[in-house]
Structure formats: C-alpha cells, structure tokens
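These notes are about the structure you will find just below.
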DNA sequence: ATGAACCATAACCATATGGTTATGAATTGT
DNA sequence: ACAATTCATAACCATATGGTTATGGTTCAT
C-alpha cells in the first residue's frame, strides 16, 4: 500500500483535467466503445469541427489517455485505459465508501491465492 | 448491469468538473483525511484566500461532494464520498483494464457469500 | 499532374475560470 | 455596547479554455 503525499501529482492532474470536458470525455468514450478510429471518423460523432477534435486529442494525448498511429494521410487514435490508473488510485485513497468496498475485496483476494 | 447512454450525464459532469482543479481536489482531500472542518481551518491549509476557498466549496457543494452545517458564525464542511459514485461508475464502464480487475474481485465476492 | 481528402496548426474570439481585495451580515467575546 | 471573528458575496482582473475559420503539408485518387 503506497502512501501518496497530497502534493500536486502531475499525472493525476493531467488525467483529471483532460476528462473534465464533456466533449473530450465523449471522444474517449467513443474510442473505448468502438475502438481505434481516425480523426475524420471521430469528428463525425463529436458535434464540433475537425480542428476542435484535433485539439481535444492533443489534450488527451498529453494525459496519455490516447495513443496515435499515422497511416498515410490519416491518423488513427485509440484509447489507453491504463492511463486512468492515477484517477483510480486517487479514488482508492479518498473515496472512503468505495475504498472500503475495494479493500474488502482486495483482502479477500489475497487470502484466496495465499 | 445498467447501460448508460453516453449522453451528457449531468451528475458526472459536475463531479468531473469539480475535481479537475487541484486546489479544489486538495480541499476535498483535506476533508477526507482530517474530517469535518470550518472554512477558516480549510483556508489555513489551502494556500489561497478565504473567499477563494468559499468559492471552491460552492463548486464542491453543487457536485454534492461536500455537505455543510452552520454552527453559530462558522460553517463546518465535510466530504461526502458517496458523491464520487458517478465517477466510479464511469470508470467501470470505460476503464477496461481497471474494470476487469474490479469484476474479477466482484465475482469472487459473490461466490463467497453466495 | 492536379485535385480532393485528411489532419494539424495558426490566428482569432467570447466566455469561463480562478484568483484577488472590498464589503457586509451574523455571531461571539469583552 | 462595541470590537473582533467567521463566512459569503460582490466587484474586478488576468488568463485559460473551447470553439471557430483559414491555411498549409501530406497523401491518395484520377
């Protein structure tokens, strides 16, 4: 059990900020549900212009929430759920009710596989 | 297992927005760790002015992340971790890696007390 | 070769955001 | 009664944010 000092955690900050915007969250949700997509495809469902989508993707990229892959003239983006870890860790620390539930299960697992 | 349409979830929106700011997150962390506190007490650890703290508390209040109780001239605030549920639910849906971990533990619990 | 498609960036704009100081209302202490 | 404490709100300000249109560089199709 690692104890994290409440001092500004840069990684967590990026993730929290990135997911604060509903349009950005929708883009991430889209990538999570329907898998890898081009900017063009994302734009069609985003409700905002292509440059806006590109900028949102840049923010998600800085938070490591998405990765990209160039293929010819199109860029394919995919969600990287592992980058949610800082947010999950934060909830583990400060979400008391939820933490209890989690730790109860955690302890149970440990007792199981010895 | 409830399926939530990705349409703007107002509750989740408030929670995500409220926790996006590091100062606000620090205030919530403070309340979670040290329990109920007055605005004055919170201000001493916040690094910003008292009015700034009050405004942050208003935002947290709208997200239901804190509750308050007037007692004479001071207002006592406390964290309400249950309000984190929308964020946890969102992670359950879109945090693939984490979801697996969670469901594995969830299933284990069911088999135990089943 | 030329035009269309795809994407990122630049330039710009309106509004939101997070901070400040000033102030006032209510409560407490002297 | 009067001064001090606590808190919220008002007024204000600088900057961040999220959107737009314009543009240019690649890549693909014809």
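Chains as they are written, first to last, in my numbering: chain A, 1 to 114; chain B, 1001 to 1114.
Cβ coordinates follow ideal geometry from the N, Cα and C atoms, glycine included.
- By the Cβ rule, the segment 79-89 of chain A does not count as touching the segment 1062-1079 of chain B, because fewer than three pairs are nearer than 8 Å.
- For residue 92(A), the three-state secondary structure derived from DSSP is helix.
- Classified as exposed, residue 49(A) has fewer than 16 neighbouring CB atoms from the shown chains inside 10 Å of its CB.
- Take the alpha-carbon of residue 1013(B) and the one of residue 22(A): they are about 7 Å apart.
- Against residue 13(A), the close residues of chain B are 1022, in the order they occur along the chain (beta-carbon pairs closer than 7 Å).
- Interface annotation, residue 1077(B): not in contact with chain A, CB-CB separation never under 9 Å.
- For residue 1026(B), same chain residues with a beta-carbon under 6 Å away, outside a window of 5 residues either side, do not exist.
- For the pair residue 78(A) and residue 17(A), the Cα-to-Cα distance works out to about 19 Å.
- When the Cα atoms are used, residue 1031(B) and residue 1009(B) turn out to be separated by approximately 26 Å.
- Listed along chain A is no residue with a C-beta nearer than 9 Å to that of residue 1054(B); the closest approach is about 21 Å.
- Rounded to whole angstroms, the separation of the alpha carbons of residue 1041(B) and residue 24(A) is 36 Å.
- Closest in alpha carbon position to residue 1075(B), among 1063(B), 1044(B), 1054(B) and 1089(B), is 1054(B).
- Beta bridge pairing from DSSP links residue 1075(B) with 1070(B).
- Taking a Cβ-Cβ cut-off of 7 Å, the neighbours of residue 19(A) in chain B comprise 1016, given in sequence order.
- Beta-carbon to beta-carbon, residue 39(A) and residue 57(A) are separated by about 7 Å, close enough to satisfy the 8 Å threshold.
- When the five nearest sequence neighbours on each side are left out, the beta carbons in the same chain lying within less than 6 Å of the beta carbon of residue 90(A) are those of 12, in order along the chain.
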